[in-house]
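The structure appears right after this line, and notes come after that.
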Amino acid sequence: MSNPIRIGIIGAGEIFRLRHFPELAKIDDAKVVAICNRSAESAAAIVDEFGLDPDIMTDPHALMARADIDAVMIGTWPYKHCPFVLESLDRGKHTFVQARMAMNLREAKAMYAKAQETGLAAQIYPSLFGFKGHNVMKRLIDDGYLGEVRNIHVRFLGSHIADAERPLHWRQVARYSGLNTLAMGIVVETVQRWYGCMKTVSAQARTFTRDRPLASGQGSGPVERPDTVYVTGEMESGAIAAFLFSGVARFGVEPQIEAYGSKGTLIYNLNNDTILGAQVGADGLAEIPVPDDEVKECTVEQDFIHLIKTGTPAWTTFAEGVKYMEFTEAVFRSVERGSVVNLPLAD
(Lines of atoms letter the chains of each structure in order from A and count residues from 1; the text may use other names and numbers.)
(Lines give C-alpha, C1' and ligand atoms only; values in the text may rest on other atoms or scores of the structure.)
Protein backbone atom coordinates (compact mmCIF):
# COMPACT_ATOMS: atom_id res chain seq x y z
CA MET A 1 0.00 0.00 0.00
CA SER A 2 1.25 3.52 -0.83
CA ASN A 3 1.62 6.12 1.87
CA PRO A 4 -1.86 7.28 2.97
CA ILE A 5 -3.07 10.82 2.43
CA ARG A 6 -2.84 12.51 5.83
CA ILE A 7 -5.97 14.53 6.51
CA GLY A 8 -6.67 17.40 8.88
CA ILE A 9 -10.30 18.28 9.56
CA ILE A 10 -11.64 21.70 10.51
CA GLY A 11 -15.20 21.67 11.80
CA ALA A 12 -16.03 18.02 12.42
CA GLY A 13 -19.79 18.30 12.83
CA GLU A 14 -22.89 16.39 11.86
CA ILE A 15 -21.94 15.73 8.23
CA PHE A 16 -18.66 14.18 9.36
CA ARG A 17 -20.48 12.00 11.88
CA LEU A 18 -23.13 10.83 9.43
CA ARG A 19 -21.06 10.61 6.29
CA HIS A 20 -17.36 11.39 6.14
CA PHE A 21 -15.91 9.45 9.06
CA PRO A 22 -17.68 6.17 8.21
CA GLU A 23 -16.59 6.47 4.56
CA LEU A 24 -13.03 7.57 5.28
CA ALA A 25 -12.65 4.52 7.52
CA LYS A 26 -13.13 2.34 4.42
CA ILE A 27 -10.25 3.95 2.52
CA ASP A 28 -6.80 2.48 3.11
CA ASP A 29 -5.17 5.47 1.41
CA ALA A 30 -6.57 8.01 3.90
CA LYS A 31 -5.73 8.71 7.53
CA VAL A 32 -7.20 11.42 9.77
CA VAL A 33 -4.26 12.84 11.74
CA ALA A 34 -5.84 15.96 13.29
CA ILE A 35 -9.30 17.31 14.11
CA CYS A 36 -9.92 20.97 14.91
CA ASN A 37 -13.22 22.07 16.47
CA ARG A 38 -14.16 25.18 18.37
CA SER A 39 -14.01 23.12 21.55
CA ALA A 40 -11.67 20.28 22.40
CA GLU A 41 -14.62 18.54 24.07
CA SER A 42 -16.64 18.26 20.86
CA ALA A 43 -13.62 16.95 18.95
CA ALA A 44 -12.91 14.43 21.72
CA ALA A 45 -16.49 13.18 21.52
CA ILE A 46 -16.07 12.51 17.80
CA VAL A 47 -12.78 10.71 18.42
CA ASP A 48 -14.38 8.48 21.03
CA GLU A 49 -17.43 7.75 18.90
CA PHE A 50 -15.42 6.54 15.93
CA GLY A 51 -12.41 5.07 17.71
CA LEU A 52 -9.98 7.47 16.05
CA ASP A 53 -6.54 8.54 17.28
CA PRO A 54 -5.89 11.98 15.74
CA ASP A 55 -4.49 15.03 17.48
CA ILE A 56 -7.22 17.28 18.88
CA MET A 57 -6.82 20.97 18.13
CA THR A 58 -8.77 24.22 18.51
CA ASP A 59 -6.67 26.51 16.28
CA PRO A 60 -7.49 25.99 12.57
CA HIS A 61 -4.49 28.07 11.45
CA ALA A 62 -2.12 25.83 13.41
CA LEU A 63 -3.70 22.77 11.81
CA MET A 64 -3.23 24.14 8.30
CA ALA A 65 0.41 25.00 9.10
CA ARG A 66 1.33 21.42 10.02
CA ALA A 67 3.89 19.75 7.77
CA ASP A 68 2.43 16.30 8.43
CA ILE A 69 -0.92 17.12 6.81
CA ASP A 70 -1.42 16.62 3.07
CA ALA A 71 -5.09 17.58 2.79
CA VAL A 72 -7.61 19.65 4.71
CA MET A 73 -11.34 18.92 4.87
CA ILE A 74 -13.43 21.93 5.90
CA GLY A 75 -16.82 21.33 7.52
CA THR A 76 -17.61 24.80 8.84
CA TRP A 77 -20.54 27.03 7.96
CA PRO A 78 -20.14 28.99 4.67
CA TYR A 79 -18.79 32.15 6.33
CA LYS A 80 -15.47 30.38 6.95
CA HIS A 81 -15.23 28.56 3.64
CA CYS A 82 -13.39 31.19 1.63
CA PRO A 83 -10.77 32.26 4.20
CA PHE A 84 -10.00 28.69 5.22
CA VAL A 85 -9.84 27.40 1.63
CA LEU A 86 -7.52 30.22 0.57
CA GLU A 87 -5.21 29.64 3.55
CA SER A 88 -5.24 25.87 3.11
CA LEU A 89 -4.30 26.11 -0.55
CA ASP A 90 -1.69 28.78 0.17
CA ARG A 91 -0.08 26.37 2.63
CA GLY A 92 0.10 23.68 -0.03
CA LYS A 93 -2.77 21.51 1.18
CA HIS A 94 -5.24 19.73 -1.05
CA THR A 95 -8.62 21.05 0.05
CA PHE A 96 -12.16 19.73 0.38
CA VAL A 97 -14.99 22.02 1.47
CA GLN A 98 -18.62 21.49 2.33
CA ALA A 99 -21.40 22.93 0.19
CA ARG A 100 -22.50 25.64 -0.33
CA MET A 101 -19.20 26.74 -1.84
CA ALA A 102 -19.06 30.30 -0.50
CA MET A 103 -21.02 33.27 0.79
CA ASN A 104 -21.26 34.89 -2.64
CA LEU A 105 -19.83 34.88 -6.16
CA ARG A 106 -16.84 37.08 -5.30
CA GLU A 107 -15.65 34.56 -2.72
CA ALA A 108 -16.31 31.62 -5.04
CA LYS A 109 -14.23 33.20 -7.79
CA ALA A 110 -11.37 33.89 -5.37
CA MET A 111 -11.40 30.24 -4.25
CA TYR A 112 -11.42 29.00 -7.85
CA ALA A 113 -8.59 31.33 -8.83
CA LYS A 114 -6.46 30.17 -5.89
CA ALA A 115 -7.06 26.52 -6.76
CA GLN A 116 -6.04 27.19 -10.36
CA GLU A 117 -2.96 29.09 -9.22
CA THR A 118 -1.75 26.34 -6.91
CA GLY A 119 -2.74 23.34 -9.02
CA LEU A 120 -3.75 21.48 -5.87
CA ALA A 121 -6.75 19.19 -5.59
CA ALA A 122 -9.88 21.17 -4.71
CA GLN A 123 -13.34 19.67 -4.33
CA ILE A 124 -16.75 20.67 -2.96
CA TYR A 125 -19.23 18.27 -1.40
CA PRO A 126 -21.69 17.71 -4.25
CA SER A 127 -25.44 18.01 -4.35
CA LEU A 128 -26.76 14.49 -3.89
CA PHE A 129 -30.09 15.33 -5.48
CA GLY A 130 -30.49 13.22 -8.60
CA PHE A 131 -27.37 11.19 -7.84
CA LYS A 132 -28.94 7.75 -8.08
CA GLY A 133 -30.54 8.33 -11.47
CA HIS A 134 -27.91 10.65 -12.92
CA ASN A 135 -26.49 8.16 -15.42
CA VAL A 136 -29.95 7.28 -16.73
CA MET A 137 -30.93 10.94 -17.03
CA LYS A 138 -27.73 11.80 -18.90
CA ARG A 139 -28.19 8.85 -21.23
CA LEU A 140 -31.77 9.78 -22.06
CA ILE A 141 -31.00 13.47 -22.53
CA ASP A 142 -27.88 12.85 -24.62
CA ASP A 143 -29.78 10.33 -26.78
CA GLY A 144 -32.38 12.97 -27.61
CA TYR A 145 -35.27 11.60 -25.54
CA LEU A 146 -36.64 15.12 -25.03
CA GLY A 147 -35.88 16.50 -28.46
CA GLU A 148 -35.54 20.26 -28.25
CA VAL A 149 -35.84 21.18 -24.56
CA ARG A 150 -38.41 23.94 -24.26
CA ASN A 151 -39.36 24.22 -20.60
CA ILE A 152 -37.62 23.41 -17.31
CA HIS A 153 -39.76 23.58 -14.16
CA VAL A 154 -38.23 23.08 -10.72
CA ARG A 155 -40.34 22.81 -7.59
CA PHE A 156 -38.95 22.52 -4.10
CA LEU A 157 -41.82 23.42 -1.79
CA GLY A 158 -41.61 22.47 1.87
CA SER A 159 -42.93 23.68 5.21
CA HIS A 160 -39.93 23.29 7.52
CA ILE A 161 -40.02 27.01 8.44
CA ALA A 162 -43.78 27.55 8.16
CA ASP A 163 -44.11 27.68 11.96
CA ALA A 164 -43.36 31.26 12.99
CA GLU A 165 -42.20 30.02 16.41
CA ARG A 166 -39.48 27.82 14.96
CA PRO A 167 -36.16 29.16 16.31
CA LEU A 168 -33.87 31.16 14.08
CA HIS A 169 -31.44 28.87 12.23
CA TRP A 170 -27.92 29.90 11.20
CA ARG A 171 -28.91 29.36 7.57
CA GLN A 172 -31.29 32.32 7.96
CA VAL A 173 -28.48 34.62 9.16
CA ALA A 174 -26.61 36.49 6.42
CA ARG A 175 -23.26 36.72 8.22
CA TYR A 176 -23.12 32.90 8.44
CA SER A 177 -24.79 31.76 5.22
CA GLY A 178 -24.18 34.64 2.80
CA LEU A 179 -26.63 34.62 -0.10
CA ASN A 180 -27.35 30.89 0.16
CA THR A 181 -31.07 30.39 0.65
CA LEU A 182 -33.33 27.37 1.14
CA ALA A 183 -32.39 24.52 -1.23
CA MET A 184 -31.73 26.88 -4.12
CA GLY A 185 -28.04 26.28 -4.79
CA ILE A 186 -28.08 22.56 -4.11
CA VAL A 187 -30.99 21.95 -6.50
CA VAL A 188 -29.68 24.27 -9.20
CA GLU A 189 -26.38 22.35 -9.13
CA THR A 190 -28.32 19.25 -10.20
CA VAL A 191 -30.23 21.15 -12.88
CA GLN A 192 -26.96 22.44 -14.33
CA ARG A 193 -25.56 18.90 -14.60
CA TRP A 194 -28.43 17.86 -16.86
CA TYR A 195 -29.65 20.95 -18.65
CA GLY A 196 -26.96 23.61 -18.44
CA CYS A 197 -26.95 27.13 -17.03
CA MET A 198 -29.16 30.18 -17.14
CA LYS A 199 -28.77 33.07 -19.58
CA THR A 200 -31.19 35.45 -17.82
CA VAL A 201 -32.72 35.56 -14.35
CA SER A 202 -35.75 37.40 -13.03
CA ALA A 203 -36.52 36.76 -9.35
CA GLN A 204 -38.83 37.63 -6.51
CA ALA A 205 -38.31 36.79 -2.85
CA ARG A 206 -40.32 37.21 0.33
CA THR A 207 -39.68 36.81 4.03
CA PHE A 208 -43.02 36.22 5.77
CA THR A 209 -41.69 35.79 9.30
CA ARG A 210 -39.20 38.59 9.87
CA ASP A 211 -38.19 37.78 13.45
CA ARG A 212 -37.79 34.43 15.16
CA PRO A 213 -36.96 33.35 18.67
CA LEU A 214 -33.31 32.55 19.29
CA ALA A 215 -32.42 28.92 19.95
CA SER A 216 -31.03 29.98 23.34
CA GLY A 217 -34.51 31.11 24.39
CA GLN A 218 -33.14 34.60 25.08
CA GLY A 219 -34.95 37.06 22.85
CA SER A 220 -35.37 37.01 19.09
CA GLY A 221 -33.37 37.79 15.97
CA PRO A 222 -34.04 39.05 12.44
CA VAL A 223 -34.57 36.59 9.60
CA GLU A 224 -32.19 37.68 6.85
CA ARG A 225 -32.81 35.01 4.20
CA PRO A 226 -36.14 34.70 2.36
CA ASP A 227 -38.85 32.15 3.12
CA THR A 228 -39.78 31.96 -0.57
CA VAL A 229 -37.89 32.57 -3.83
CA TYR A 230 -39.39 32.34 -7.31
CA VAL A 231 -37.12 32.57 -10.36
CA THR A 232 -37.84 32.63 -14.08
CA GLY A 233 -35.59 33.10 -17.05
CA GLU A 234 -34.04 31.77 -20.22
CA MET A 235 -31.43 29.03 -20.24
CA GLU A 236 -28.35 29.04 -22.45
CA SER A 237 -30.02 26.27 -24.46
CA GLY A 238 -32.97 28.53 -25.25
CA ALA A 239 -35.36 26.74 -22.89
CA ILE A 240 -37.56 28.80 -20.58
CA ALA A 241 -37.14 27.89 -16.91
CA ALA A 242 -39.06 28.45 -13.68
CA PHE A 243 -37.78 27.65 -10.19
CA LEU A 244 -40.04 27.66 -7.14
CA PHE A 245 -38.44 27.40 -3.69
CA SER A 246 -40.34 27.76 -0.44
CA GLY A 247 -39.95 26.74 3.17
CA VAL A 248 -43.47 27.85 4.09
CA ALA A 249 -45.57 25.81 1.62
CA ARG A 250 -47.69 23.45 3.69
CA PHE A 251 -48.51 20.18 1.91
CA GLY A 252 -46.33 21.13 -1.05
CA VAL A 253 -45.91 18.73 -3.95
CA GLU A 254 -42.94 16.38 -4.04
CA PRO A 255 -39.73 18.21 -5.01
CA GLN A 256 -38.98 17.55 -8.64
CA ILE A 257 -37.20 18.69 -11.77
CA GLU A 258 -39.44 18.66 -14.85
CA ALA A 259 -38.24 18.94 -18.45
CA TYR A 260 -40.59 19.34 -21.39
CA GLY A 261 -39.29 19.00 -24.95
CA SER A 262 -40.45 18.71 -28.52
CA LYS A 263 -40.32 14.89 -28.39
CA GLY A 264 -40.91 14.01 -24.76
CA THR A 265 -41.04 14.76 -21.04
CA LEU A 266 -38.83 13.74 -18.12
CA ILE A 267 -39.76 14.32 -14.48
CA TYR A 268 -37.29 13.47 -11.72
CA ASN A 269 -38.57 13.14 -8.15
CA LEU A 270 -35.80 14.38 -5.87
CA ASN A 271 -37.21 12.63 -2.79
CA ASN A 272 -37.33 9.06 -4.03
CA ASP A 273 -35.19 9.18 -7.22
CA THR A 274 -38.10 8.11 -9.39
CA ILE A 275 -37.96 9.04 -13.08
CA LEU A 276 -41.18 9.48 -15.05
CA GLY A 277 -41.08 9.91 -18.79
CA ALA A 278 -43.05 9.75 -22.01
CA GLN A 279 -42.47 10.50 -25.66
CA VAL A 280 -44.81 11.58 -28.44
CA GLY A 281 -47.36 8.83 -29.08
CA ALA A 282 -47.38 7.43 -25.52
CA ASP A 283 -50.62 7.23 -23.53
CA GLY A 284 -49.06 9.02 -20.56
CA LEU A 285 -46.14 9.22 -18.21
CA ALA A 286 -44.59 5.95 -17.06
CA GLU A 287 -41.77 5.14 -14.67
CA ILE A 288 -38.34 4.69 -16.24
CA PRO A 289 -36.36 2.26 -14.10
CA VAL A 290 -32.81 2.89 -12.94
CA PRO A 291 -30.95 -0.39 -13.61
CA ASP A 292 -28.53 -1.52 -10.92
CA ASP A 293 -25.60 -1.20 -13.30
CA GLU A 294 -26.45 2.45 -13.98
CA VAL A 295 -26.92 3.61 -10.38
CA LYS A 296 -24.45 6.36 -9.59
CA GLU A 297 -22.96 5.69 -6.18
CA CYS A 298 -21.87 8.50 -3.87
CA THR A 299 -18.12 8.01 -3.41
CA VAL A 300 -17.24 11.56 -2.42
CA GLU A 301 -14.43 10.71 -0.02
CA GLN A 302 -12.82 8.16 -2.33
CA ASP A 303 -13.13 10.63 -5.19
CA PHE A 304 -11.22 13.25 -3.19
CA ILE A 305 -8.37 10.87 -2.43
CA HIS A 306 -8.33 9.75 -6.08
CA LEU A 307 -8.26 13.39 -7.20
CA ILE A 308 -5.22 14.02 -4.99
CA LYS A 309 -3.38 10.98 -6.31
CA THR A 310 -4.27 11.16 -10.00
CA GLY A 311 -5.65 14.62 -10.77
CA THR A 312 -8.92 13.08 -12.01
CA PRO A 313 -11.70 15.69 -11.62
CA ALA A 314 -14.42 14.83 -9.12
CA TRP A 315 -17.82 16.28 -8.29
CA THR A 316 -18.13 19.02 -7.42
CA THR A 317 -15.31 21.01 -8.99
CA PHE A 318 -14.65 24.60 -7.99
CA ALA A 319 -15.58 25.64 -11.54
CA GLU A 320 -19.00 24.02 -11.10
CA GLY A 321 -19.35 25.67 -7.72
CA VAL A 322 -18.71 29.07 -9.25
CA LYS A 323 -21.56 28.44 -11.70
CA TYR A 324 -24.17 27.71 -9.03
CA MET A 325 -22.92 30.61 -6.92
CA GLU A 326 -23.35 32.81 -10.00
CA PHE A 327 -26.98 31.72 -10.21
CA THR A 328 -27.48 32.54 -6.52
CA GLU A 329 -25.83 35.94 -6.94
CA ALA A 330 -27.95 36.70 -10.01
CA VAL A 331 -31.14 35.87 -8.12
CA PHE A 332 -30.39 38.40 -5.40
CA ARG A 333 -29.25 41.09 -7.81
CA SER A 334 -32.57 40.66 -9.60
CA VAL A 335 -34.51 40.84 -6.32
CA GLU A 336 -32.67 44.03 -5.28
CA ARG A 337 -33.06 45.74 -8.66
CA GLY A 338 -36.50 44.47 -9.55
CA SER A 339 -35.28 43.69 -13.05
CA VAL A 340 -33.91 40.98 -15.32
CA VAL A 341 -30.24 40.10 -14.81
CA ASN A 342 -28.11 38.76 -17.64
CA LEU A 343 -25.52 36.04 -17.15
CA PRO A 344 -22.58 35.65 -17.02
CA LEU A 345 -22.37 38.39 -14.41
CA ALA A 346 -19.95 41.28 -14.69
CA ASP A 347 -17.62 41.62 -11.70
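Going by our numbering, the first residue of the sequence shown is number 96, and it counts up by one from there. Glycine is no exception: its CB is placed at the ideal position from the N, C-alpha and C atoms.
Review point. Is the beta carbon of residue 241 less than 8 angstroms from the beta carbon of residue 391?
Key: Using a Cβ distance threshold of 8 angstroms, residue 241 and residue 391 do not count as a contacting pair.
Exercise for review: Below 8 angstroms on the Cβ atoms is my guess for residue 155 versus residue 110; work out the distance and round it to an integer in Å.
Suggested key: Contact between residue 155 and residue 110 does not hold, since the beta-carbon distance rounds to 17 angstroms and is not under 8 angstroms.
Practice item. Give the C-beta separation of residue 437 and residue 327 to the nearest angstrom, bearing in mind that I take them to be a contact with Cβ-Cβ under 8 angstroms. Key: With a Cβ gap of about 14 angstroms, residue 437 and residue 327 do not count as contacting.
Review point. Starting from residue 225 and walking both ways along the alpha helix (DSSP H), at which residues does that stretch end?
Key: Per DSSP, residue 225 belongs to no alpha helix (DSSP H) and is neither H nor E.
Point to revise | Under 8 angstroms between C-beta atoms of residue 232 and residue 289 | key: The criterion of a C-beta distance shorter than 8 angstroms is satisfied by residue 232 and residue 289.
Exercise for review: Please determine if the region 271-279 and the region 314-330 are in contact, where contact requires at least 3 C-beta pairs separated by less than 8 angstroms.
Suggested key: At 8 angstroms Cβ cutoff, the stretches touch.
Point to revise | Secondary structure, alpha helix (DSSP H): runs of 4+ residues fully inside the region 395-437 | key: Taken in chain order, the whole alpha helix (DSSP H) runs of length 4 or more contained in the region 395-437 are 395-405, 413-432.
Review point. Of all the options 235, 320, 211, which has the alpha carbon lying nearest to the alpha carbon of residue 265?
Key: Just measuring C-alpha positions, the residue of 235, 320, 211 sitting nearest residue 265 is 320.
Check your understanding: To the nearest angstrom, how far is it from the Cα of residue 332 to the Cα of residue 244?
Key -> Rounded to whole angstroms, the separation of the alpha carbons of residue 244 and residue 332 is 8 angstroms.
Review point. With distances taken between CB atoms, is the gap from residue 422 to residue 283 smaller than 8 angstroms?
Key: Closer than 8 angstroms, so yes.
**Study point:** 8 angstroms Cβ cutoff met for residue 370 and residue 383
**Key:** With respect to the 8 angstroms criterion, residue 370 and residue 383 are classified as neighbours on the basis of their beta carbons.
Point to revise | CB of residue 125 within 8 angstroms of CB of residue 141, strictly | key: It is not a contact, given that the beta carbons lie outside the stated cut-off.
Practice item. Could you check the C-alpha separation between residue 98 and residue 375 for me, to the nearest Å? Key: A direct Cα-Cα distance of roughly 56 angstroms separates residue 98 from residue 375.
Review point. Cβ atoms of residue 235 and residue 361: under 8 angstroms apart, would you say?
Key: If you check the CB distance, residue 361 and residue 235 come in under 8 angstroms.
Check your understanding: I think residue 153 touches residue 134, with their Cβ atoms under 8 angstroms apart; what is that distance to the nearest whole Å?
Key -> About 7 angstroms; that satisfies the 8 angstroms criterion.
Practice item. With a cut-off of 8 angstroms on the beta carbons, I'd call residue 410 and residue 173 a contact; round off their distance for me. Key: Going by Cβ atoms, the distance from residue 410 to residue 173 rounds to 19 angstroms, so no, they are not a contact pair.
**Study point:** Rounded C-alpha distance that separates residue 439 from residue 203
**Key:** Using only the alpha carbons, I get a separation of about 14 angstroms.
Exercise for review: Within the same chain, show all residues whose beta-carbon is closer than 7 angstroms to that of residue 205, passing over the 5 residues directly before and after it, in chain order.
Suggested key: By the criterion of a C-beta distance shorter than 7 angstroms, residue 205 is surrounded in its chain by 177, 181, once the five residues flanking it on both sides are discounted.
**Study point:** Bounding residues of the alpha helix (DSSP H) (the contiguous stretch that carries residue 208)
**Key:** DSSP places residue 208 inside the alpha helix (DSSP H), whose first and last residues are 200-213.
Exercise for review: Under 8 angstroms by Cβ, that's how I've got residue 138 and residue 107 pegged, so tell me the actual separation to the nearest angstrom.
Suggested key: With a Cβ gap of about 6 angstroms, residue 138 and residue 107 count as contacting.
Review point. What's the gap between the Cα of residue 311 and the Cα of residue 170?
Key: Rounded to whole angstroms, the gap between the alpha carbons of residue 311 and residue 170 is 23 angstroms.
Check your understanding: Can you pull the DSSP bridge partners for residue 297?
Key -> According to DSSP, residue 297 bridges with 327.
Point to revise | Cβ-based neighbour list, residue 298, same chain, cut-off 6 angstroms, excluding 5 preceding and 5 following | key: Once the five neighbours on either side are set aside, the close Cβ partners of residue 298 are 326, 426, 429, 430.
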